[in-house]
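Below is one structure, written out as structure tokens; comments come after it.
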Amino acid sequence: MSNPLKVNKREKEILLLLNEAHQIRIHNLPKSISMTLFALESSAQLGSKSLLAKCYSQLGLYYMIIGEMDKAEYFSKLALTLYTELKDERGIADAKYSLAGVYYKTNLYHLGLVSFTDALKIYQKNDDYYNQSRTEKSLGTIYGYIGDQHAALKSYYSAVKNARKVNDFNLESNVYNNISGILAKNGKLKFAMAFINKSIAQKELTNDIRGMAYALYGKGKVFFYLKDYEKAEEYYFKGLEIHNQMGENTGKAMTYTKLGELYYTKNDLELALDTAFVGLEIATSLKLAMSTIKLKKLIYHIYKAKNEPALALDYFERYQKEKESVINAQTLKVIENYELISKMEVLKNEAKLHKEKQLLLEKKNLDEAKAIKMRQDFLSIMSHEIRTPLNAITSIVELLKDEVNPEGKELLGSLKFASSNLIKIVNDVLDFTKLDSNKSKLEMTPSALAILAKNIVSVYEKQAHEKGLYLTLNCDLSKEMIYNLDETKITQVLNNLISNAIKFTDKGGVELKIKHVKSSPKKDTLLFEVADTGEGISKENLEEIFESFSQVKPVLTRKQGGTGLGLAIVKKIIELHKSKIKVKSIIGKGTTFFFKLKLKRDEIIEDQLVNIVPSVREEILKDKKVLIVEDTAINAVLLQKLLSRWDIISEHVDNGEKALKKVKEQFYDFILMDIHMPEMNGIEVTRLIRTTENLNTSTPILALTADTMVTSETHETNYFSGFLWKPFEVEKLKEVLEKVFI
Numbered sequence: 012m013s014n015p016l017k018v019n020k021r022e023k024e025i026l027l028l029l030n031e032a033h034q035i036r037i038h039n040l041p042k043s044i045s046m047t048l049f050a051l052e053s054s055a056q057l058g059s060k061s062l063l064a065k066c067y068s069q070l071g072l073y074y075m076i077i078g079e080m081d082k083a084e085y086f087s088k089l090a091l092t093l094y095t096e097l098k099d100e101r102g103i104a105d106a107k108y109s110l111a112g113v114y115y116k117t118n119l120y121h122l123g124l125v126s127f128t129d130a131l132k133i134y135q136k137n138d139d140y141y142n143q144s145r146t147e148k149s150l151g152t153i154y155g156y157i158g159d160q161h162a163a164l165k166s167y168y169s170a171v172k173n174a175r176k177v178n179d180f181n182l183e184s185n186v187y188n189n190i191s192g193i194l195a196k197n198g199k200l201k202f203a204m205a206f207i208n209k210s211i212a213q214k215e216l217t218n219d220i221r222g223m224a225y226a227l228y229g230k231g232k233v234f235f236y237l238k239d240y241e242k243a244e245e246y247y248f249k250g251l252e253i254h255n256q257m258g259e260n261t262g263k264a265m266t267y268t269k270l271g272e273l274y275y276t277k278n279d280l281e282l283a284l285d286t287a288f289v290g291l292e293i294a295t296s297l298k299l300a301m302s303t304i305k306l307k308k309l310i311y312h313i314y315k316a317k318n319e320p321a322l323a324l325d326y327f328e329r330y331q332k333e334k335e336s337v338i339n340a341q342t343l344k345v346i347e348n349y350e351l352i353s354k355m356e357v358l359k360n361e362a363k364l365h366k367e368k369q370l371l372l373e374k375k376n377l378d379e380a381k382a383i384k385m386r387q388d389f390l391s392i393m394s395h396e397i398r399t400p401l402n403a404i405t406s407i408v409e410l411l412k413d414e415v416n417p418e419g420k421e422l423l424g425s426l427k428f429a430s431s432n433l434i435k436i437v438n439d440v441l442d443f444t445k446l447d448s449n450k451s452k453l454e455m456t457p458s459a460l461a462i463l464a465k466n467i468v469s470v471y472e473k474q475a476h477e478k479g480l481y482l483t484l485n486c487d488l489s490k491e492m493i494y495n496l497d498e499t500k501i502t503q504v505l506n507n508l509i510s511n512a513i514k515f516t517d518k519g520g521v522e523l524k525i526k527h528v529k530s531s532p533k534k535d536t537l538l539f540e541v542a543d544t545g546e547g548i549s550k551e552n553l554e555e556i557f558e559s560f561s562q563v564k565p566v567l568t569r570k571q572g573g574t575g576l577g578l579a580i581v582k583k584i585i586e587l588h589k590s591k592i593k594v595k596s597i598i599g600k601g602t603t604f605f606f607k608l609k610l611k612r613d614e615i616i617e618d619q620l621v622n623i624v625p626s627v628r629e630e631i632l633k634d635k636k637v638l639i640v641e642d643t644a645i646n647a648v649l650l651q652k653l654l655s656r657w658d659i660i661s662e663h664v665d666n667g668e669k670a671l672k673k674v675k676e677q678f679y680d681f682i683l684m685d686i687h688m689p690e691m692n693g694i695e696v697t698r699l700i701r702t703t704e705n706l707n708t709s710t711p712i713l714a715l716t717a718d719t720m721v722t723s724e725t726h727e728t729n730y731f732s733g734f735l736w737k738p739f740e741v742e743k744l745k746e747v748l749e750k751v752f753i
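My numbering puts the first residue of the sequence shown at 12, with every later residue one more than the last.
Now the structure itself:
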């Protein structure tokens, strides 16, 4: 009779061995298989059905990844039988997941769909968000095969949301390659490149070697669609080199297929043929139906181009026979419209998309460089020193507004107005400085211009009505018309023009007009006008109003406030769009500012793909733990009070050394990090959290800063998950925090 304590110890050892095998699979899959086979032998000696089932399940997954589908199916079915006998629901789901992977990679899509769906139901029942995410990603791939792009994207959105719920950016990044492929196929090459670059950046940081191969392959595809064949070939070979090192036969078959297509497109027929045959041999041995069919069709086209009709006919018939034996009419649509996206489930750590480093301004001499640096340092200090106390003021106003009498509320309203006005003045100076030094660039995204214009006008309706003015929008664009534009800068232009018009108008009103004036195959020319019935501008002043710090009236006599930078900012932004702003005015009758923009038409990416997640769940912040790293005591206290409104549990430390100690002792859901701190600044603290051993290396870290000269485009700030600019509005603060957990 065996010793129960000894058996229990051996079971623990086997479980540890299986866990280690699972963890190292992204780096050394052959070793994972070897370790699991050893665990299987030990489990058999113990006679433990639960351990045997776990061994079978992991072996099924590993053999599926390397393309040995017969073994994968065999072990997955053994696991399913044992888990069913044991009534282990989670085990059943894992076994069905592995089986589904075998099915859809060997052309049995309907069985793959059923098995994935069965597994997903169990994962949902048990709130297993990790496995929900990877299953939904695989379901999205199948939907893509059968031509249902809507269902594929919907599945991908859900996969991203569930990955974020468990803070697993490994799973999240797996979806980016799939999304990139769909976008590239549909001509959205700019977005496709952005998604694949993010995937590659994450894999570099997580050292996911196997996953990197598929990401490089994905980037090669985007370059292929861009017709940059040299770059496409380069990235295909980078991926292929890793596949060869890791023994990834499925990945090799996929890559040889794409290389063959590339050489055929370049009319290098001999190389295309040799490459296609290498891929066909691998695909046939692995029973990869999709690759086999594609390669036979490619070989047919190559022989046809080589003017070898007999061989062309032979491979055309082979292609037809293979196709008809494997797929129905619906799956044919997949072969013609979707390429095989065979990606493996791999663990990755969170990483930020590597942005290109900011280009340094060309400096004519050392003196000019010093002058630029001095100006930036001054503005950085000014921004920090003014915005930091303003943050305390605006936070106190927000906290007190529900606790005072009507008279007090009126005073608080005046205080809020005054602080908001001061913030606008500071922002104007900083925005103009960035524009004037050519540091500001357009960031184009799809936007519904009619809706944007309506929202902008609604912001100023109250201000206009308080002066007894009308404020109207006359826009001949429908809300369905989508354009590629920099929404932030367009908003800034219209905000400045409308607020100026209201400021200098005492009777009548203001009208924003947007009119479609011209079309080309891909772009529309739109006319923007902001007209008022105000006091007007004299001819001698018309040429000066766009100059920086220009004021039509002397400082001591004017009744309107402002820096005189608003129109200078407008002019700079319009010039960024390669256009000009013009003005016509009659004294006593009013002024009209107008400009034309040529904007590229676009389409809404379904469910706002670029944002990934369209909505935020209620109470998502409840009971989240946050570490506040802030050296200014009053700001920390006020921030803690604001966070408590949303049931967030917060801790505060006042310097970087204390923060580094805390992150080793306690896991936090997110960290709020002040940038400007004595001894060790927030950037350095965040770098150390990301790169040293602690419990929060992957925890989202949001930068808190009053220094708007700090940008998110430098290497150092890539360690942050986002930025919160002081003083922050309460609702915007809540919105940014919620997005961390979507």
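Beta carbons are placed, not taken as given, at the ideal position from N, Cα and C, and that holds for glycine. Values in this document were obtained by computation on a predicted structure and should not be read as measured data.
Whole angstroms is fine: what's the gap from ILE556's alpha carbon to LEU488's? 30 Å
Can you round the beta-carbon distance between PHE606 and ILE580 to whole angstroms, since I take them to be within the 8 Å contact cut? That pair is no contact at about 13 Å.
Between the beta-carbon of VAL521 and the beta-carbon of ALA512, is there less than 7 Å? yes
Please classify PHE248 as buried or exposed, where buried requires at least 16 neighbouring CB atoms within 10 angstroms. exposed
For MET80, the three-state DSSP class (helix, strand or coil): helix
Please confirm whether VAL751 and PRO711 have their CB atoms less than 7 Å apart. yes
Counting pairs of beta carbons, one from the region 595-604 and one from the region 535-555, are three or more of them closer than 8 Å? Touching, yes, given that three or more Cβ pairs across the two stretches are closer than 8 Å.
How many Å lie between TYR679 and GLU183 at the Cα? One C-alpha to the other measures close to 20 Å.
Drop a sphere of 10 angstroms on the beta-carbon of ALA104, count the other beta-carbons inside from all chains shown, and report buried for 16 or more, exposed for fewer. Counting every other CB atom within 10 Å of its CB across the protein chains shown gives ALA104 a total of 16 or more, marking it as buried.
For LEU453 versus LEU649, is the C-beta distance shorter than 7 Å? no
Beta-bridge partners of LEU538, as assigned by DSSP: LYS526 and LYS607
The alpha helix (DSSP H) spanning VAL113 covers which residue range? 100-116
Tell me where the alpha helix (DSSP H) around TYR228 begins and ends. 220-236
Among the residues of its own chain, which have a CB less than 6 Å from the CB of ALA162, if the five just before and after it don't count? TYR154
With a cut-off of 8 Å, do at least 3 Cβ pairs link the region 490-497 to the region 457-477? yes
Does the Cβ of LEU27 have 16 or more other Cβ atoms within 10 Å, making it buried, or fewer, making it exposed? exposed
With distances taken between CB atoms, is the gap from ILE313 to LEU280 smaller than 7 Å? yes
Give the straight-line distance between the Cα atoms of PHE9 and LEU683, rounded to the nearest whole angstrom. The chain is shown from 12 up to 753; residue 9 falls before or after that span and cannot be answered.
Mind checking ASP497: buried by the 16 CB within 10 Å criterion, or exposed? buried
Per DSSP, what kind of secondary structure is MET684 in: helix, strand or coil? strand
Pull up the DSSP beta-bridge partners for ASP543, would you. ASP543 is bridged to VAL521.
Note the first and the last residue of the continuous alpha helix (DSSP H) segment covering LYS673. Element bounds for LYS673: 667-676.
Are LEU297 and GLY112 touching if we call contact CB-CB under 7 Å? No, these two residues do not count as a Cβ contact at 7 Å.
Quick one: give me the first and last residue of the alpha helix (DSSP H) that LEU578 is part of. Element bounds for LEU578: 577-587.
Collapsed DSSP secondary structure at LEU713 in the structure displayed: strand
Given GLN571, which residues of its chain have a CB within under 7 Å of its CB, disregarding the five upstream and five downstream residues? Caution is warranted here: a pLDDT of 45 is assigned to GLN571, below 50, making its placement in the model unreliable, and the coordinate value is therefore given only provisionally. LYS514 and PHE515.
Measuring straight from C-alpha to C-alpha, what distance separates LYS165 and GLU147? 9 Å
Provide the residue span of the alpha helix (DSSP H) that contains SER510, from first to last. 498-514
Continuous beta strand (DSSP E) stretch holding LYS595: start and end: 592-597
Given a cut-off of 7 Å, decide if ALA174 and SER149 are closer than it, judged by their beta-carbon atoms. no
Could you pull out every residue in the same chain whose Cβ sits closer than 6 Å to the Cβ of GLU84, ignoring the five residues on either side in sequence? Hits under 6 Å: VAL113.
Inspect the beta-carbon positions of GLU333 and LYS307 and report whether they are closer than 7 Å. yes
For GLY250 and PHE288, I'd like the C-alpha separation in whole angstroms. For GLY250 and PHE288, the distance between alpha carbons rounds to 19 Å.
Other residues of its chain near LYS315: CB distance less than 7 Å, five sequence neighbours each side excluded: ALA323
C-alpha gap between LEU578 and GLU554, whole angstroms: 12 Å
Among ILE25, MET204, ALA64 and LEU57, which one has its Cα closest to the Cα of MET46? ILE25
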